[in-house]
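Read in order, the letters of the sequence shown correspond to residues 1 to 77 in full-length UniProt numbering.
Notes for the one structure printed next.
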Amino acid sequence: MLAALAAFFPIFFTTYQGLQNIDRELVSAFQVMGANRWQMLHMVILSSVLSWVIAGIRTSLGMALVAPIPHPDCHNR
1 MLAALAAFFP IFFTTYQGLQ NIDRELVSAF QVMGANRWQM LHMVILSSVL
51 SWVIAGIRTS LGMALVAPIP HPDCHNR
């Protein structure tokens, strides 16, 4: 459970940051060219956000592996 929580937040926040950084001019250009919602999602949004999602997964993988390991001073006595 701790590893899942440690993995969730980096993916969530980097994906959110990626959505914030989508080029508005690119979205406008696709709208002018008559792209429908599916084309906009596939060609603009997913293409722009994919690198951010992969960066979040890379970060969260390390955090998920380290999070469940207790500190040596935190053992039960």
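In this text, a Cβ means the ideal position worked out from N, Cα and C, and glycines have one as well.
Glycine 34 carries a coil assignment under DSSP once its states are collapsed to helix, strand and coil.
Straight across, the Cα-Cα distance linking proline 68 with arginine 24 is about 40 Å. A direct Cα-to-Cα measurement between isoleucine 22 and methionine 63 gives close to 27 Å.
Remark: three or more beta-carbon pairs, one from each stretch, lie closer than 8 Å, so the segment 8–16 and the segment 39–59 are flagged as touching. In this structure, glycine 18 sits near valine 49, with a CB-CB distance shorter than 9 Å.
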